[in-house]
Structure formats: C-alpha cells, structure tokens
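Protein chains: 2
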Amino acid sequence: MELVYRYIEEHQDMYVKWLQDLCQIPSVSTQNRGIREASHMVASLLRQLGGITEMIETNGHPVVYGQFLFNGKKTISFYNHYDVQPEDPIEAWHCDPFAAEIRGDVLTARGSADNKGALMARICAIHAYQQVYGELPVNIKFIVEGEEEKGSINLPDFIGRHPDKVQADLCIWENGIIYADKSIELKMGTKGILYIELAVQGANSDMHSLNAAVVTNPAWRLVWALATLKDDKERIQIDGFYDRVVPLSDEERRILETMDYPEGDTLQRYGLDQFLLSLTGMPLKEKLIFQPTCNICGIYSGYSGEGSKTVLPSEARAKLDFRLVPDQDPEEIVRLLRDHLDRHGFEDIEIKARKGTRAAKTDPGHPLVQKVMRAAEKVSGKAPQKVLMNPGSGPMYQLCQQFGIPTVGFGVGNADSRKHAPNENIYVSDYIYGIKMVAAVLREFV
Amino acid sequence: MELVYRYIEEHQDMYVKWLQDLCQIPSVSTQNRGIREASHMVASLLRQLGGITEMIETNGHPVVYGQFLFNGKKTISFYNHYDVQPEDPIEAWHCDPFAAEIRGDVLTARGSADNKGALMARICAIHAYQQVYGELPVNIKFIVEGEEEKGSINLPDFIGRHPDKVQADLCIWENGIIYADKSIELKMGTKGILYIELAVQGANSDMHSLNAAVVTNPAWRLVWALATLKDDKERIQIDGFYDRVVPLSDEERRILETMDYPEGDTLQRYGLDQFLLSLTGMPLKEKLIFQPTCNICGIYSGYSGEGSKTVLPSEARAKLDFRLVPDQDPEEIVRLLRDHLDRHGFEDIEIKARKGTRAAKTDPGHPLVQKVMRAAEKVSGKAPQKVLMNPGSGPMYQLCQQFGIPTVGFGVGNADSRKHAPNENIYVSDYIYGIKMVAAVLREFV
C-alpha cells in the first residue's frame, strides 16, 4: 500500500483542486441551481478513469451512474450525491460558501463534508490505484444522485427501473467522520424516517377571543391530540408503535459499548445542562442509536407577533418527524397513528404524511464489512469507531437492505464539520487521509 | 319627550355631520395617529354645550373630562373612548375607512360603532335636551379616554389620581347594540381578562432532529404543560381557578333566559357545524355570559414554512387569554397557574403575565338601572335586551365596580357592525334613535 499512499501524497495538490472545482459549483437541489454542471463534472471524471458512465434521467435531477466491471470479482457500489443544502443564512459565513477557500488545513465550502469530499475521495482513490497497480481488484459501481438533500424523492423509482445497476456485494455509504485521533467512523446502518403534518380546522376565519367560551379552538384540539402521542417519560403511546422494534443483540450491545459519544462537548456546544431524562453513558447511546423518536419539528396557530392579540385561531398545524428503527414500517405507523387519533376522539385531525423510509442495519460480522474494518485499522493504526445506526436518515433501506446488500458508510468530515449549517468545512489532511482509506478498502479485495 | 324627539329629528343632519367630522379623524391609538385632533374635537364640543372641560394628561394619551354639575341632583358618568382600532387590512374595505361615507342608511367608518357613534349620541342628546328644556335634570360627567383599544393601560392611574372625577351614582358604559326589531341591548357587566405568555427554552440554537432522541424538545414541554390546563370537557384544571366564581342567582338565570343569542346566524357566518360541546340554548348562553375561559391565542415553535424541515426547535411559546368572571382576581390566577405548572413538573416554563382586569357586574334591580330600562322600553316600545355580562372585556371594574357604581352599557351599533374588522358601520337611523335613547334616560331623572 505504501506505493499508493505515496502516489496520493505526491498528487495531493491535483486531488484537492478536483474537490475545489466540484465545491465551486453551487448544486443546491431544492433551488435547482448548478445541477447540470455538477452532474456533468462527476460523469466526466468517471469517464476519464475509464468508467462506463450514464446520465440517468428521473422525474427530478439525474442520477450519475458509472461502472468499472471486471468479470468474476466482487462488486462494491459507492452511494453518494452531488447536491448540497442551501447556503443560507449567507451572512453567517466567514467566506463565500462556493469559493472553496483553503486557510491553513481547513477547506470551507457548502458540500465539502456533505458529501462532495467523500465522493471525490472515492474518485481520486480509483485514479491513484489505477496509476499504481493498473487494474482494480474489484468491480465498482457509482450511484451518485442529485436529490439527497430533498429526501431522495426519485431514487425509489430509479431503483425500481434499474435493479441491475443497484446490485452489489457491498455498498459503501456516503458518510461518517474522522476523529481527532484519526480513528475512522464506520456507519453500518441508518434510522428510517416518517414526516407528517397534523392539521385542525376551526371557524372559517379568526374570531374575537370572547367566542372561546362557545366555539372550538383548533389549537386546543391539536395540543390535546399531541399530548396523547408521547408521555413525559418519552414513551410513544401509539398502540403497536414498538411492536416491530428488533431488540439489541449481545453483539450490538458490545459494539455500542465501544462507541464514543462526546457528551460534554455536545452539552457545551448547545448550552444544555443535561440530556433528556438525565441520560448518560450506555442508556444515552442506546436511545440515540437504537430507539425511534417522535419529534415536533414545528407547531403554529394564531397570533405569534409582538404584544397581545385576543384571537380565537381558525386553524392549527404541527409538523412531526418519526425516526424509525428496524423493522418499523412508515406506512404502518401512519395507519397506527390514524387509529390512535380516532380512538382518542380526534377524528377531526387530518394527517398529511410524506412517503417514509425504513431503517437499515448491517451485520457487523459480515465478511465484506470485516474487510472494511481491517482497512480502517490498517490506515489509522486504530480500531474503527463502529456506529451501528446513524441516528439521522437516508435511502439505505431502498438501495441496499431490501436487496440484502451489506452497507458501511465512511467519509472525510469531522465532528465540527457543520453539515447543513454555515461554514461547512473539512480538513484537507482528512480528505487526503480519506483517499487513502478508500484505496485501502480496494486493496482488501485483491 | 315628543318635543326633544322632534328637535333631534329636525336637527339630524347637523348631528350626523358632527359624527362624520369625528369619524374622519383617524385616531388609531396603537399607531399614535390623530390623538390630538380627536381629543380636542371632543373637548371643544363639550365646552360648546357648557361643560367644564379638562384635558387630563396621562403617561399615554390624554383623558378628556367634562362635567355639567347642578348641586343636589344625581350624577351620571358617561364612559367612552375617542380612539379606534387600526384599519388594516385596508384592501378589504369597500370605501375609505376615514371618509365616513353614507350610502342609503349606512355610515361606514372605522370607529363608527366602536364607539364614536355612542359618544356623539350622548353629546347630541345633551345638546337637544338643553335646547328644548334648558337645564339638565342630572349632573353629567364625561370620561373619554384615548387608549381603550390599547387595553386602557393608563386608566387605572387616572382613576387613582382623580377619584372625585370618577365618582357617580350611575355609569353609562360605551357599548351595546340595537336589534333589527329596534329593541335596545343593555349591558350590565363585562368579563375581566388576564393575558399571559408561556415560554420554554431548549438548546441555544435549533438542532438537527436526529438529536430528538436525547435532547429536550421545548415544543413537547409546552404541549404537555398546556394539555394539563384544560380537559376536553373544557373544564379548567388549575386548582382553585373556580373557587371565587359567584354562582348565578335566580334573577340572573331568569334574565339570561330572555336574552336572544343568534345561534344559527353565528354558526353560518363562521362556517361552523355546531358550538363547543354541542351546546345550545340556555347552557350555551350561560357558558358565553357567565363562565370563565382559558383560550390559546397563539402557539409557535420550530418550522412553519412550506414542506418539511427536520428540526429540533430551540424554543416554544404560547399566548393565552383568560376571560374572568366575578369574583376572580387576575393576580391570584397567575399565582395559581404558577403553582399548577410547578406541581405538574413544569418549573422550566416561564409565565409572562400582563396586568389583568377583574370582571364587573351590576345588579339589574338597582333603582337607577331600572330607570335606564324604563327609558329603553319607552323609546322602543319593547322590553330591552338585557345582557348581564359582556363576554368581552373592558375597564368597567376599575372605573365603576370597585367604587360600587352601577353600570349599564348601550350604544348605536348593530349585530353586523363589524367592530375591529373591515367595513365597520352603523345605520344612520340607529344613531338618531340612540340620541333619543340618551335623551329618554336623562328625562327619567326629572
């Protein structure tokens, strides 16, 4: 591997320049900016490496698909996305979010951590590996979508129409951080998600609040309904909600014990005295990684301005997300929620549900996953940081788990990379390190 | 009385012109517009009638005080205000809100019903009475404030500094409507009010909702706390909340039975199928007039825009008003609420309370109130519409009840006068009728 590592180091200026070029394209999917430029740049790089590359249209933004096939070997698929979050609030950035400026070891750019850095590290690793060894030891498929930051809304349709392109022996997911001690985070699953809106309608216009004595207030209806969903011990009260939740195995519990969670740093960064229910240690990690949530993302009704207004609101709304764990089914959760509301007398509350995503979880003992773990240990000289499930969400179930494809995620960001926030950044040294990690994984397949 | 009635009719063009002049001054107190002009016009009219008139400064807008004193007789005080609500949304008006245009029998203007029409009817009645009979049969005090639409925030201070000016045997309040059959509404009390804001603080910034598994969500805290305040039978759960509520007397119940409440019209106007708890008839009227309320005026936390955002909000707020009945004390209610929240484990919820107002209620059997009832019956030929308490609120307790002054309110608006709303209006014929009603009340004191 020393030959490849040296090649990567000798060409690091070029690899950094490739990443800067991609970060300078403002490919904000929700605003339909830079989509064509970013997708074409990715496709063009894959073609230069010898990949057979297609731009596959969807009802939204195209998927860039690239393959490097050598019959008779194993196949790895790389899942990434070329789109990024919007850069606002722009005034909070200390430099242009699409200039990809480097100061010292820090590259600041929207998308640098999520996930153009990880995507380019994979492309660069293939380049370096081919330059040093000629042939790749494994088949590679790139699936690079352009709507991850919009909830991957057209990816299921792509998967349905191209099952052959999705097939692989192992999928390398987009994310995971590099720790300060250079140990590498490996994510072997992700929670699912269900996003809903609850709406209650009252009178056809706001009324003077003197009428509150005799006219239904939709804000009260919504408050009462929400209060039935979860108790103050954080136990979700929807009948059957936990029925499909798979208990932790002993192996999972053992791995969870080894996982570092920066309790003190998190509390300090967000100005908190303690975690929910005073949790700490293993129970905290277990809840974060393995427990589903029911979260109010937003609630609004009536007057929210300065001072007082005596009004009886005409409607009330709430937005909620549920983070799901294996084997919960988002469509079933919507039905259980409807039953729950009806049974509690809230037939008047409307549920608007978005299409949800199931959770995905990979067996850490799978032989190909073990290869990735060995690569991480070789590169860093340390045991990898194993995260059994990402507490966020992504389309890992649709793309991998439903086909039985094991999945491991790793990337080039760090604990303070500020994904989705102003001043998103990575360390240039982590990017170079991440290229080596990908090359080390490829080498395990020789 | 026929002489006075005829005089009023013969001079009705002049009286209408006076009202139009006052309505053309945009005296919007919350925007500090037209205050000087409106207060000076009122003072000037009172002086022209022979009243000793003072412009009494407060920390806000001045109170216009006028008195017509004749030793040895009873004293009536007229409570009114020269300020009005803002006219927005301006685009919903079918004419200039401060043009005071008359089309057919309808005068449209901001403030025409609330309450410049009632104020001018009183001034015009004194003018007509003096022109016909010379001397008034009763002492008169005018207390015309300029901040009623801002919650009469400086009136308590005025009352404290000028107890002599407030003293009276009977106070005639600002409002009350004239029914389609020309029967006259008499309001003998008003609910009190307490306006509070509840606030819960979480992390120092919004967080990615994946953290909902382990970080307190202030929106949930607020929802759970609110849900403890009132049950779905509309019973307020704060310990001691109802302790001071005075039960209905047989006399009050008898009067309540005679009160008309336009159930069908109200349901239709606001697009409602039914009233709260399917109430109708006496239980509906009793709840509207005699029961206190706990109403959510506004609630807001997190993301309220289009589509989805997976966020854990950093704060949550709600605005509530309580309409109070005799003998509830708003300051005590704040203490009871604090105790309630603490007892239910919501020490983290902050209460911001505005200074409240107690309810006021007058004995309908009081001899001077009976005089007003007789006058209403003489003018209309019909029994008056007795409303024992206005379900809205006003400073009637501070100005009258705390000194034991009985109070009756009547005015010149109608059921569709659209107070506080676009196209506020009165019938010109109701205004002339209202002048006669005031003259008839004065005559009862001969």
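Sequence lines, in order, name chains A and B. For the first sequence, the UniProt record's numbering gives the first residue as 1, with consecutive numbering after it. For the second sequence, the UniProt record's numbering gives the first residue as 1, with consecutive numbering after it. Glycine included, every Cβ here is placed at the ideal spot set by N, Cα and C.
The region 165-184 of chain A contacting the region 411-428 of chain A, beta-carbon criterion three pairs below 8 Å: yes
B:Trp224: contacting residues in chain A (beta-carbon distance under 7 Å): Locating residue 224 of chain B in the second sequence gives position 224, counting from the first residue. Those are Ala227, Asp232, listed as they occur along chain A.
Under 9 Å by beta carbon: chain B residues contacting A:Asn204: As a first step, residue 204 of chain A is located in the first sequence; it is residue number 204 there, counting from the start. Those are Arg269, Tyr270, Gly271, Leu272, listed as they occur along chain B.
Secondary structure of B:Ala316, DSSP reduced to three states: Walking along the second sequence from the start, residue 316 of chain B turns up at place 316. Strand, per DSSP.
A:Gly192: first and last residue of the uninterrupted beta strand (DSSP E) it sits in: The residue given as residue 192 of chain A occupies position 192 in the first sequence. Unbroken beta strand (DSSP E) run through A:Gly192: 189-201.
DSSP-derived helix/strand/coil call for B:Lys382: Within the second sequence, numbered from 1, the residue matching residue 382 of chain B stands at position 382. Three-state result, B:Lys382: coil.
Cutoff 8 Å: B:Ile405 Cβ touching any chain A Cβ: One-based indexing of the second sequence puts residue 405 of chain B at position 405. No, no contact with chain A.
A:Thr53: first and last residue of the uninterrupted beta strand (DSSP E) it sits in: For the purposes of this step, residue 53 of chain A is taken as the residue at position 53 of the first sequence. Start and end: 52-56.
Span separating the alpha-carbon of B:Arg221 from that of A:Leu288: As a working mapping, residue 221 of chain B is identified with position 221 in the second sequence. As a working mapping, residue 288 of chain A is identified with position 288 in the first sequence. For B:Arg221 and A:Leu288, the distance between alpha carbons rounds to 19 Å.
Same chain only: Cβ atoms within 7 Å of A:Thr266, ignoring 5 sequence neighbours per side: In the first sequence, the residue the question calls residue 266 of chain A occupies position 266. Within the same chain, A:Thr266 has no close Cβ partners at all.
Residue interval of the alpha helix (DSSP H) (run including residue 456 of chain A): What the structure shows of chain A is the stretch from 1 to 446, and residue 456 of chain A is not part of that stretch, so it cannot be assessed.
For B:Asn59, the nearest candidate out of B:Ile52, B:Arg103, B:Glu145 (CA to CA): In the second sequence, residue 59 of chain B corresponds to position 59, counting from 1. When each option's Cα is compared against that of B:Asn59, the closest is B:Glu145.
Under the three-state DSSP convention, the category B:Phe322 falls into: Here the question's residue 322 of chain B lines up with position 322 in the second sequence. Strand.
Interface residues of chain A facing B:Asn295 [CB-CB closer than 7 Å]: Looking up residue 295 of chain B in the second sequence gives position 295. Result: Ser209, Ala212, Asn217, Leu312.
The region 323-332 of chain A contacting the region 240-258 of chain B, beta-carbon criterion three pairs below 8 Å: no
One or two residues paired with A:Arg103 in a DSSP bridge: If you number the first sequence from 1, residue 103 of chain A lands on position 103. Answer is A:Val106.
B:Leu170 - DSSP class collapsed to helix/strand/coil: Position 170 of the second sequence holds residue 170 of chain B. DSSP places B:Leu170 in strand when its eight states are reduced to three.
Closer than 8 Å at the beta carbon, the chain A residues around B:Asp329: Position 329 of the second sequence holds residue 329 of chain B. Those do not exist, as B:Asp329 stays about 19 Å from chain A at its closest Cβ, beyond 8 Å.
Delimiting residues of the alpha helix (DSSP H) encompassing B:Tyr133: Your numbering for residue 133 of chain B matches position 133 in the second sequence. B:Tyr133 -> alpha helix (DSSP H) spans 117-133.
Residue interval of the alpha helix (DSSP H) (run including A:Ser183): The residue given as residue 183 of chain A occupies position 183 in the first sequence. Per DSSP, A:Ser183 belongs to no alpha helix (DSSP H) and is neither H nor E.
Sub-8 Å separation of B:Ser209 and A:Asp231 beta-carbons: By 1-based counting over the second sequence, the position of residue 209 of chain B is 209. By 1-based counting over the first sequence, the position of residue 231 of chain A is 231. Against a cut-off of 8 Å, the Cβ pair of A:Asp231 and B:Ser209 comes out as no contact.
Status (buried if at least 16 other CB within 10 Å, exposed otherwise) for B:Gln398: By 1-based counting over the second sequence, the position of residue 398 of chain B is 398. It counts as buried.
Segment limits, alpha helix (DSSP H) that includes B:Phe78: The sequence position of residue 78 of chain B within the second sequence is 78, counting from 1. Not the alpha helix (DSSP H): B:Phe78 falls in the beta strand (DSSP E), residues 75-81.
Beta carbon of residue 466 of chain B nearer than 8 Å to that of B:Gly192: With chain B covering 1 to 446 only, the question about residue 466 of chain B has no answer from this structure.
Interface partners of A:Gly298 on chain B, CB under 9 Å: Position 298 of the first sequence holds residue 298 of chain A. Ordered by position in chain B, the residues that pass the 9 Å Cβ test against A:Gly298 are Ala219, Tyr300, Ser301, Gly302, Tyr303, Ser304, Gly305, Lys309, Val311, Pro313.
Separation of B:Ile296 from A:Ser301, as counted between CA atoms: Locating residue 301 of chain A in the first sequence gives position 301, where the first residue counts as 1. Locating residue 296 of chain B in the second sequence gives position 296, where the first residue counts as 1. In a straight line, the C-alpha of A:Ser301 is about 9 Å away from that of B:Ile296.
Residues in the region 413-434 of chain B having any Cβ partner in chain A nearer than 8 Å: His420
Spatially closest choice to A:Gln291 from A:Gly298, A:Arg244, A:Tyr7, A:Leu272, by CA coordinates: Numbered from 1 along the first sequence, position 291 holds the residue referred to as residue 291 of chain A. Cα-wise, what sits closest to A:Gln291 is A:Arg244.
C-beta contact flag for A:Phe70 and A:Phe142 at 8 Å: Locating residue 70 of chain A in the first sequence gives position 70, counting from the first residue. Locating residue 142 of chain A in the first sequence gives position 142, counting from the first residue. It is not a contact, given that the beta carbons lie outside the stated cut-off.
Cβ neighbours of A:Pro283 in the same chain (closer than 7 Å, five flanking residues each side left out): The residue given as residue 283 of chain A occupies position 283 in the first sequence. For A:Pro283, where only same-chain residues beyond five positions count, there are no Cβ hits under 7 Å.
Under 9 Å by beta carbon: chain B residues contacting residue 493 of chain A: Because chain A spans 1 through 446 in this model, residue 493 of chain A falls outside it and cannot be assessed.
Residues from the region 241-261 of chain A in contact with chain B, defined by Cβ distance under 8 Å: none
Any C-beta of chain A under 8 Å from that of B:Leu279: Along the second sequence, read from residue 1 onward, the residue named residue 279 of chain B stands at position 279. Yes, contact with chain A.
C-beta neighbour in chain B for A:Lys319, strict 8 Å: For the purposes of this step, residue 319 of chain A is identified with residue 319 of the first sequence, where counting begins at 1. It does; some Cβ of chain B falls within 8 Å.
Unbroken alpha helix (DSSP H) run spanning A:Ala353, endpoints: Looking up residue 353 of chain A in the first sequence gives position 353. Where A:Ala353 is concerned, there is no enclosing alpha helix (DSSP H), although the beta strand (DSSP E) it sits in stretches over 350-353.
Residues bridged to B:His208 (per DSSP): As a position in the second sequence, residue 208 of chain B is number 208, starting the count at 1. B:Val311, per the DSSP bridge assignment.
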